[in-house]
Structure formats: structure tokens, C-alpha cells
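Residue numbers are given in full-length UniProt numbering: position 123 of the sequence shown equals residue 123, and the series is strictly consecutive. Following: one structure in C-alpha cells, then a few remarks.
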Amino acid sequence: MTDTAVTPETRLATFRERRDLSVVQPQGSLALVTTQWIDSEQTVWGVPGRWAPLPAGESGVSLTASSADDIRVDGELVDGTVTVRGKDAEKPSAIVFSDSVTGFIIAGDDGVYGLRVWDANSDAIQNFGGIDAFPHNPEWVITAQFTPIAGGTTLGFEHLKDDGKTRELVIPGEITFTKDGVDYNLAAFKSGRALQLVFADATSGDTTYSVGRFLFVAPQADGTVVLDFNLAVLPPCGFSYAFNCPMPPKQNRFSVPIEAGEKNVLAKDGSLLH
1 MTDTAVTPET RLATFRERRD LSVVQPQGSL ALVTTQWIDS EQTVWGVPGR WAPLPAGESG
61 VSLTASSADD IRVDGELVDG TVTVRGKDAE KPSAIVFSDS VTGFIIAGDD GVYGLRVWDA
121 NSDAIQNFGG IDAFPHNPEW VITAQFTPIA GGTTLGFEHL KDDGKTRELV IPGEITFTKD
181 GVDYNLAAFK SGRALQLVFA DATSGDTTYS VGRFLFVAPQ ADGTVVLDFN LAVLPPCGFS
241 YAFNCPMPPK QNRFSVPIEA GEKNVLAKDG SLLH
């Protein structure tokens, strides 16, 4: 009989294959070439049209272009001035610049909207060799305790490009565990239905990406949460400078090496891609 048992190693191999595929999608992390905030009427590097903010309280930006620019918004060729709705709208707009270049509008914390431009044939995608990662490490599969905070709380997270300013993100509870005699109390913020843990460790800037890494987790009904650091992933800014990633808060900076999860993005020749 064939042994059909699925091991942690085979599950991890499947996870990593899917990660490699995800980052080279037309709007995957390696496809992002531009993020430009539209705080005044302006052009945007690499794409046609003139872009301008809308009145305060309205979602999106204004785009002025001619039919010769060949920009389509929500399937319609732009010839004049149109509103391009942001991702925070009930029906966000989709922008097509060419067969390979697309875009959409994101909302900033300060009410300013930005244009993100994606190129399915970006140089980064063409030169992508893979995501380097540690072998499966059972020592970093940890069962922790999740304790909800009544009413929730917020914590200021610095972001890579925000010059030291912080953004208040919702922390719904505490994640605590003890490993090798050290007590940990981690902060993870809400990310859809999951919690997003942004962490750094003694490998950061040495054998792994300097800014840190992400781990997405979901507390169980009994209050436990499994922290499988083998599933730790590189942040989007590890793939494109056009992303702005949150930095690990102090309590999420491990003094020990976590030799599990993704390490760096590699080029086809084995060198660092980013």
C-alpha cells in the first residue's frame, strides 16, 4: 500500500510552491512597480494621464486622459475626466493601461489616495529565482495562549517609509507563551479574519530580510493559537520598494534566532533580488 500520510514537511513544500506562484501573479508582490500618492494634480511615473485628488470625503481620484492614452477604467476607454474609485469604495475601480500593466487606487490613513501600478512583465518577475527558506524546524511550532482584550486596544506601529511616525492599529488581544525559560507577550493586529504578527529576530539582517517577517495566525475557540514560524513569510516590501511595510514593535523583537520560515528573495543567479 502507498503511504498517503501528509507530513509537516510535505505541507510546507506545498505552501512554498504556492508562495512562489503568488508573488509572480499579475498583481503579485513582484509585479508592483509604482505607488504614488495623489495629493495634487500630477502625472504618475510610467503611465499616462493626469491624476488629481477628489473633494474631501469622496473615495478615489480624478483621472484626465485622451483616447490616445488607451487607459480603461472599469472596462471603459477614458476620453476626458473620470472618477477612479478607491479600494475603500463599495465597488473599487479597476484600471488597465496595457495587456500587462494594471492599477488600482488605495486609501491612505490621512485621507490621501494613491495609485498603485502593477506590471505582469516587471524586471523583478523576469529575474525571480525563488524565495529562500529554512528547512522545516519543529522547534518553532509553538502553542501559545490568546487572551482577548475587552473592547480591544491599539498600538502604534512604525512603517518603513513613515519617517518614525506611527499608525495606530487594532490589537484585539495578547499572545503569550514561554520558550526556553523566556516569557513572551506578542502584539498582533487584525488582518481580515486572521491576526498578523510582525516580528524580527537574531537572523534579521543576517540570514533573513532585515526589516523582519510576517506570520498570520488564527486563535482557536479554546483560546490557544498555534505559532508555526515555518509559515513565516517575507513582507511585501521584501519584493518591491513600492510597498510600505509595518516594522516590528519592541515586544515582537526576539533576541534569539528563529531559524524557520522564509529568508530572502533570490534572483535567478542565486544573488539577492531585493
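By construction, the Cβ of each residue, glycine as well, lies at the ideal position given by its N, Cα and C atoms. Source: prediction; values computed, not measured.
Problem - Limits of the unbroken alpha helix (DSSP H) element including E9 - result: Along the sequence shown, read from residue 1 onward, the residue named residue 9 stands at position 9. E9 -> alpha helix (DSSP H) spans 8-22.
Problem - Own chain, CB closer than 8 Å to S210, minus 5 neighbours either side, in chain order - result: Position 210 of the sequence shown holds residue 210. Closer than 8 Å at the Cβ level, and outside the excluded window around S210, lie S204.
Problem - Which of helix, strand or coil DSSP assigns to E139 - result: Walking along the sequence shown from the start, residue 139 turns up at place 139. Correct three-state label for E139: helix.
Practice task
Check whether the region 105-123 touches the region 19-36, counting contact only when three or more Cβ pairs, one atom from each stretch, lie closer than 8 Å.
Solution key: yes
Problem - Extent of the continuous beta strand (DSSP E) run through A194 - result: Along the sequence shown, read from residue 1 onward, the residue named residue 194 stands at position 194. Segment 194-199, the beta strand (DSSP E) holding A194.
Practice task
For G238, name the three-state secondary structure that DSSP assigns.
Solution key: Taking the sequence shown and counting its residues from 1, one reaches residue 238 at position 238. In the structure shown, G238 sits in a helix (DSSP, three-state: H, G or I).
Problem - Residues that G86 bridges to, as DSSP identifies them - result: As a first step, residue 86 must be located in the sequence shown, where it is residue number 86. For G86, which the question treats as bridged, DSSP gives the partners I105.
Exercise for the section: Indicate whether the contact test is met: 3 or more Cβ pairs, each with one atom in the region 216-236 and one in the region 246-264, closer than 8 Å. Expected result: yes
Exercise for the section: Assign G270 to one of three DSSP states: helix, strand, or coil. Expected result: The residue given as residue 270 occupies position 270 in the sequence shown. In this structure, G270 counts as coil in the three-state DSSP scheme.
Practice task
Could you have a look at K250 and say whether DSSP puts it in helix, strand or coil?
Solution key: Here residue 250 is taken as the residue at index 250 of the sequence shown, counted from 1. Looking at K250 - three-state DSSP - the assignment turns out to be helix.
Problem - Between the CA atoms of F15 and M1 - distance to the nearest angstrom - result: Locating residue 1 in the sequence shown gives position 1, counting from the first residue. Locating residue 15 in the sequence shown gives position 15, counting from the first residue. Note that M1 scores 48 on pLDDT, short of 50, meaning its location in the model is unreliable and no value can be drawn from it.
Exercise for the section: List the residues that DSSP assigns as beta-bridge partners of E262. Expected result: Residue mapping note: residue 262 aligns to position 262 of the sequence shown, counting from 1. Note: E262 sits in a beta bridge opposite A133.
Practice task
Compute the distance between the beta-carbons of W45 and L63, then report whether it is under 7 Å.
Solution key: What you label residue 45 is simply residue 45 of the sequence shown in a count that begins at 1. What you label residue 63 is simply residue 63 of the sequence shown in a count that begins at 1. No, Cβ-Cβ distance for W45 and L63 is not below 7 Å.
Handout entry: Residue closest to F229, alpha-carbon to alpha-carbon, out of F214, S191, D123
Key = If you number the sequence shown from 1, residue 229 lands on position 229. F229 has its Cα closest to that of F214, out of F214, S191, D123.
Problem - Option nearest I175 by Cα separation, candidates A144, I149, E9 - result: Translated into the one-based positions of the sequence shown, residue 175 becomes position 175. Out of A144, I149, E9, A144 has the C-alpha closest to the C-alpha of I175.
Handout entry: CB contact flag (T154, V141, <7 Å)
Key = Within the sequence shown, numbered from 1, the residue matching residue 154 stands at position 154. Within the sequence shown, numbered from 1, the residue matching residue 141 stands at position 141. Against a cut-off of 7 Å, the Cβ pair of V141 and T154 comes out as no contact.
Exercise for the section: Using alpha carbons as the reference points, say which of A242, V84, F216 lies closest to P53. Expected result: The count along the sequence shown starts at 1 and reaches residue 53 at position 53. P53 has its Cα closest to that of V84, out of A242, V84, F216.
Handout entry: Proximity to T43 [Cα-Cα], best of V61, Q27, D99
Key = Numbered from its first residue, the sequence shown carries residue 43 at position 43. Of V61, Q27, D99, the residue nearest in Cα terms is V61.
Practice task
Determine, using beta carbons only, whether G129 and L21 come nearer to each other than 7 Å.
Solution key: For this step, residue 129 is matched to residue 129 along the sequence shown. For this step, residue 21 is matched to residue 21 along the sequence shown. Not closer than 7 Å, so no.
Handout entry: Alpha carbon of A200 to alpha carbon of P135, nearest angstrom
Key = As a first step, residue 200 is located in the sequence shown; it is residue number 200 there, counting from the start. As a first step, residue 135 is located in the sequence shown; it is residue number 135 there, counting from the start. Between A200 and P135, the C-alpha separation is close to 19 Å.
Problem - Complete runs of the beta strand (DSSP E) confined to the region 26-106 [at least 3 residues] - result: 32-38, 42-44, 47-53, 61-65, 80-84
Exercise for the section: Could you have a look at residue 286 and say whether DSSP puts it in helix, strand or coil? Expected result: Summary: the structure shown does not reach residue 286, with the chain confined to residues 1 through 274, and so no result is reported for it.
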